[in-house]
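Chains as they are written, first to last, in my numbering: chain A, 62 to 374; chain B, 62 to 374. Cβ atoms here follow ideal geometry from the backbone N, Cα and C, with glycine treated the same way. One structure below.
2 protein chains.
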Amino acid sequence: MSDADLLAKLFQGDPRSIARAITKVESGSKGAAELMKAVFPRTGNAIVIGITGAPGAGKSSLVDKLALYYKDQGEKVGIVCIDPSSPFSGGAILGDRIRMATLGMEKGVFIRSMATRGNLGGLSRATVDAVSILDAAGFDKVIVETVGVGQDEVEIVKTADVSVVVLVPGMGDDIQAIKAGIMEIGDVFVINKADREGVIRTQKELEALLGLAHRPDMWMPPIVRTVATESKGIEDLSAAITSYFDFQKAETGGMVRKTAIARWRLTELVLERLLADLMKHNGTAEKIDDLAAQIAKKEIDPYSAVEKILDKS
Amino acid sequence: MSDADLLAKLFQGDPRSIARAITKVESGSKGAAELMKAVFPRTGNAIVIGITGAPGAGKSSLVDKLALYYKDQGEKVGIVCIDPSSPFSGGAILGDRIRMATLGMEKGVFIRSMATRGNLGGLSRATVDAVSILDAAGFDKVIVETVGVGQDEVEIVKTADVSVVVLVPGMGDDIQAIKAGIMEIGDVFVINKADREGVIRTQKELEALLGLAHRPDMWMPPIVRTVATESKGIEDLSAAITSYFDFQKAETGGMVRKTAIARWRLTELVLERLLADLMKHNGTAEKIDDLAAQIAKKEIDPYSAVEKILDKS
């Protein structure tokens, strides 16, 4: 299939063409930059929802139920699942393949798993490109779901229009720890598994923490209780997401956030290009291997080794 | 204090000099590269233990108890806590300050919180440098503890001599998800809060998963049950850590792992230097700001913007 055909089919929303385009940007293959240049002008129509939270919070069920809810409203929904897969196996999560089989095929929701980073960095940029592809392909809602809660994941979720942080009752001893990392990015908070003991205490703690926070935009993030496995609270969650989306659109036209996203995306791309250009030089890959072995044997320190790589390139 | 004085005091194990040296590598200030060149030849004596796991698993308590255990054996212990703190506030976790005050001052354990990444990347490299500094300062054990479980954190924990993954009973629904990301890096597994219901089921699930995995080095990771808050199982954990350390040392002299670490560290440093060199050019920072604003307004796409930045630099 030619690039022009791929684009034409992609803009019509053809799932196989979408998948192929995402593979292209993920692998950083030749036509990726040209593809994204063509995709970019068509973006800006989807509402991008980032969902993060600790493992065990039931994010996957919540995302599935939210996706089905939107689907029932007649909307096209894409899910990009960010997956801290092993750099060794590079494999996607088994569970996602199962979800893709049931949710994806039968229900018409597009799901795609992506790793946060390859060996040489840069794949968090690819996930943002994947969101743009789905946007350009005519999806109304794109949900970005993270498995991990690390810095890369936080940065990716920040590129969403609306960021949702999922907690569960009884996380008391780590709520402090989570606070610093992901509390600040939540536009909407969900207490999932809200039929469990401790939900009131968790809500009170969360309200106290949110009361201390000072958002530049003065938004007070709503707290929604859900029981995703029983589809409870999903409509409330949808309403909370819409309320923040409308708020930020009215407030700043979304420009502050959009500029911050663009800046991050630009820096990621610059880094990727700089490294790719360096690796193109004859022998750079071998030189890195060789110097890494020397560092391991303590024949050279890493800082001097870097100078050797950069001086001669 | 001159750089030579700082180094001399650092090698004597002076806490304030260590703290100052870490701040230097963290901020990437001028003398950082020279400092690390001097530090590097003194490294290689500490055993570096990486500890990761989901929020809520009680990692902090476990790390504290393990540190105190080593301390009671007459060893010097340093803790580097990796913290997905917000790029906005840049703040360390309040809880760590409390820990530093109690554990650090009174008990003679050195604790330092570090962010995984700054706005422009590269701070995961700084955490590895901090470990080297503690190593050179004569610490016997350096524990690297992550708050998040994202890709950056996984990569940092992989730079340890022994990686410990902490789980809790009843994580069933997400054990599958965690598998892909962090199962593979665990040399030792801990089921903490082992006085809770479901411990046997979690252990069985874990054993089944580990039975499926094929490690290149044929090591079968031990599973240790702990109740950190009651100091139960800490000695077993220490023994399991030592057993893997001895195993990998006998097997390969640790060379395979050391080379992989060196390679990762080198690539991180190269990226950091490439970006720093680019930013040194007159007007690059302004150009990025300007182009980010244009992307936000959809006047240009990110890929074309990158070409503008790199062509003229």
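For Met316 of chain A, the nearest CB of chain B lies under 8 Å from its own CB, placing it at the interface with that chain. Contact with chain A is found for Ile349 of chain B, since one of that chain's Cβ atoms lies less than 8 Å from the residue's Cβ. Contact between Ile361 of chain A and Leu371 of chain A fails: their C-beta atoms lie close to 14 Å from each other, not under 8 Å. In this structure, Gly111 of chain A sits near Ala221 of chain A, with a CB-CB distance shorter than 8 Å. Interface criterion met: the Cβ of Gly105 of chain B is under 8 Å from a Cβ in chain A.
In the structure shown, Thr220 of chain B adopts coil according to DSSP, grouped into three states.
The contact set of Met97 of chain A on chain B, defined by CB atoms closer than 9 Å, consists of Asp362, Pro363 and Tyr364 in chain order. In the structure shown, Ile322 of chain B falls within a helical segment according to DSSP collapsed to helix, strand and coil. The beta carbon of Arg257 of chain A sits closer than 8 Å to those of Val229, Pro230 and Gly231, all from its chain and outside the five residues before and after it, given in chain order. Around the beta carbon of Gly344 of chain A, fewer than 16 other beta carbons lie within 10 angstroms, which makes this residue exposed. Under DSSP, Ser174 of chain A forms a beta bridge with A:Cys142. When rounded, the separation of the alpha-carbon atoms in Ile246 of chain A and Val226 of chain A is 8 Å. Cβ contact annotation for Val109 of chain B (same chain, cutoff 7 Å, sequence separation greater than five): Val192, Val203, Val205, Ala221 and Asp222, in chain order. Rounded to the nearest angstrom, the Cβ distance from Phe72 of chain B to Ala197 of chain B is 6 Å, consistent with a contact under 8 Å. Rounded to the nearest whole angstrom, the C-alpha separation of Val100 of chain B and Ala93 of chain B is 10 Å. Around Leu352 of chain B, the beta-carbon contacts reaching into chain A at under 8 Å are Ala323 and Leu327. The secondary-structure analysis by DSSP pairs Leu228 of chain A across a beta bridge with A:Ile252.
The beta carbon of Thr104 of chain B sits closer than 6 Å to the beta carbons of Ser193, Asp196 and Ala197 from its chain, once the five residues preceding and following it are set aside; these are given in chain order.
Neighbours of Phe101 of chain B in chain A, taken as residues at a C-beta separation under 9 Å, are given in chain order as Ile356, Lys359, Ile361, Asp362, Pro363, Tyr364 and Ser365. Rounded to whole angstroms, the separation of the alpha carbons of Ala187 of chain B and Ser88 of chain B is 9 Å. Proximity to Gly135 of chain A across A:Asp201, A:Asp66, A:Gly119 and A:Asp278 peaks at A:Asp201, based on C-alpha coordinates. The residue among A:Lys70, A:Val189 and A:Glu266 with its C-alpha nearest the C-alpha of Leu330 of chain A is A:Val189. Within the stretch 65-146 of chain B, the complete alpha helix (DSSP H) runs of at least 4 residues fall at 76-88, 93-100 and 120-133. Rounded to whole angstroms, the gap between the alpha carbons of Glu312 of chain A and Ala323 of chain B is 48 Å.
8 Å or more divides the Cβ of Ala301 of chain B from the Cβ of Val317 of chain B.
At a cut-off of 8 Å between C-beta atoms, Ala128 of chain B does not count as an interface residue with respect to chain A. Interface flag for Val227 of chain A against chain B is unset, since no Cβ pair is found closer than 8 Å. In the three-state reduction of the DSSP assignment, Arg334 of chain A falls in the helix class.
For the C-beta of Thr320 of chain B, the chain A residues within less than 7 Å are, from N- to C-terminus, Ala353, Ala354 and Ala357. Residue contact with chain B for Gly117 of chain A: present (Cβ-Cβ distance below 8 Å to some residue of chain B). In this structure, the straight-line span from the alpha carbon of Ala366 of chain A to that of Ser121 of chain B is close to 35 Å. Cβ proximity to chain A below 7 Å picks out nothing from the stretch 265-299 of chain B. In the three-state scheme derived from DSSP, where H, G and I count as helix and E and B as strand, Lys202 of chain A is classed as strand.
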